[in-house]
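Numbering (my numbering), first residue to last: 613 to 812. Where is the CB? At the ideal position from N, CA and C, for every residue including glycine. Every value quoted in this text rests on a predicted model; they were computed, and no experiment measured them.
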């Protein structure tokens, strides 16, 4: 870590205020050029701790930068992660106001409900599947409290890996689920398919 405790607290405060006011800020990596990934995770942990102290609970984790193209864009060689809190989860079939977010985007996802904990390093796909109880289709709401999504890895990590919300569908026991790598998804907006992808 290269920032002081006071600088990390300032960075966390800027992100909290940006979220509260729905008013994005300049990149933290520009405002605080020494910000590194270790600092960024410390900022994330502090802001999550504040939300937990206010009554929220952790219901899961979000893994970001899983696509090779996104890692290349940010010049990194591994994913990042953030927290999913109960106050970020929305009812399946409900509506969510875009006005509560700075610059929201939607990402179709596969949620995994684990029956036992995982710890690394060296966790394999087989390890994950062995620990998985059930899977569900989901839409993740990602948002950036950083203006115009001009993010570096440190910016998105500090900003809870750009995680903002989740709509989760029905759970299917893993033993009854189709081949997850072969699952196909279409993202449809106002009846028009705008993107497609696969579980792989």
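key: Cβ shell of residue 805 (< 8 Å), same chain only, five flanking positions each side left out   = Indexing the chain shown from 1 puts residue 805 at position 193. 798, 799, listed in sequence order.
ask   = What is the residue span of the beta strand (DSSP E) that residue 798 lies within?
value = Working through the chain shown from its first residue, we reach residue 798 at position 186. Start and end: 796-801.
query = Since residue 723 contacts residue 747 with CB under 8 Å, what's their CB separation in whole angstroms?
reply = By one-based count along the chain shown, residue 723 stands at place 111. By one-based count along the chain shown, residue 747 stands at place 135. Rounded, the Cβ-Cβ distance is 6 Å, consistent with contact.
inquiry  = I'd like to confirm the pairing. Which residues does DSSP put opposite residue 810 in its beta bridges?
reply    = For the purposes of this step, residue 810 is taken as residue 198 along the chain shown, with counting starting at 1. Bridge partners of residue 810: 796.
request  = Would you identify the three-state DSSP class for residue 722, choosing helix, strand or coil?
outcome  = Indexing the chain shown from 1 puts residue 722 at position 110. Three-state DSSP puts residue 722 in a strand.
Nearest candidate by alpha-carbon position, reference residue 783, set 752, 745, 637 = Residue numbering aside, residue 783 sits at position 171 when the chain shown is read from its first letter. Checking every option, the nearest Cα to that of residue 783 belongs to 745.
query = Can you tell me where the beta strand (DSSP E) with residue 641 in it begins and where it stops?
reply = Numbered from its first residue, the chain shown carries residue 641 at position 29. First-last for residue 641: 640-643, but that is the alpha helix (DSSP H), not the beta strand (DSSP E).
key: Alpha-carbon to alpha-carbon, residue 743 and residue 731   = The count along the chain shown starts at 1 and reaches residue 731 at position 119. The count along the chain shown starts at 1 and reaches residue 743 at position 131. Their Cα atoms are separated by approximately 11 Å.
query = Is DSSP giving residue 768 helix, strand or coil here?
reply = Start at 1 with the first residue of the chain shown, and residue 768 comes out as number 156. In the structure shown, residue 768 sits in a helix (DSSP, three-state: H, G or I).
key: residue 778 in three-state terms, based on DSSP   = What you label residue 778 is simply residue 166 of the chain shown in a count that begins at 1. Reduced to three states, the DSSP call for residue 778 is strand.
ask   = Can you tell which of 741, 656, 796, 666 has its C-alpha closest to the C-alpha of residue 692?
value = Residue mapping note: residue 692 aligns to position 80 of the chain shown, counting from 1. Measuring from the Cα of residue 692, the nearest candidate turns out to be 656.
task = Tell whether a beta-carbon distance below 7 Å holds between residue 676 and residue 766.
result = As a first step, residue 676 must be located in the chain shown, where it is residue number 64. As a first step, residue 766 must be located in the chain shown, where it is residue number 154. It is not a contact, given that the beta carbons lie outside the stated cut-off.
query = Can residue 647 and residue 771 be called in contact, C-beta distance under 7 Å?
reply = Residue 647 sits at position 35 when you count from the first residue of the chain shown. Residue 771 sits at position 159 when you count from the first residue of the chain shown. No, the pair does not count as a contact, with Cβ atoms beyond the cut-off.
query = Which residues mark the beginning and the end of the beta strand (DSSP E) in which residue 748 is found?
reply = As a working note, residue 748 is residue 136 in the chain shown. Element bounds for residue 748: 744-754.
DSSP bridge partner residues for residue 785 (one or two, in chain order) = Here residue 785 corresponds to residue number 173 of the chain shown, with the count starting at 1. DSSP output for residue 785 lists 746 as bridge partner(s).
query = Looking at C-beta atoms only, is the number of pairs between the region 635-643 and the region 665-681 that lie closer than 8 Å three or more?
reply = no
request  = For residue 699, I'd like the list of residues in its chain whose CB is within less than 7 Å of its CB, leaving aside the five on either flank, ordered along the chain.
outcome  = Translated into the one-based positions of the chain shown, residue 699 becomes position 87. Closer than 7 Å at Cβ, skipping near neighbours: 668.
ask   = Going by alpha carbons, who is nearest to residue 684 out of 718, 764, 664, 781?
value = The residue labelled residue 684 in the question sits at position 72 within the chain shown. The option with the nearest alpha carbon to residue 684 is 764.
inquiry  = Using DSSP's beta-bridge definition, name the partner residues of residue 815.
reply    = This structure cannot speak to residue 815, because the chain is shown only from 613 to 812.
key: Identity of the residues DSSP links to residue 737 by a beta bridge   = Counted from its first residue, the chain shown places residue 737 at position 125. Bridge partners of residue 737: none, in fact.
query = Straight-line CA distance for residue 680 to residue 752?
reply = Position 68 of the chain shown, counted from the first residue, corresponds to residue 680. Position 140 of the chain shown, counted from the first residue, corresponds to residue 752. If you take the alpha carbons of residue 680 and residue 752, they lie about 19 Å apart.
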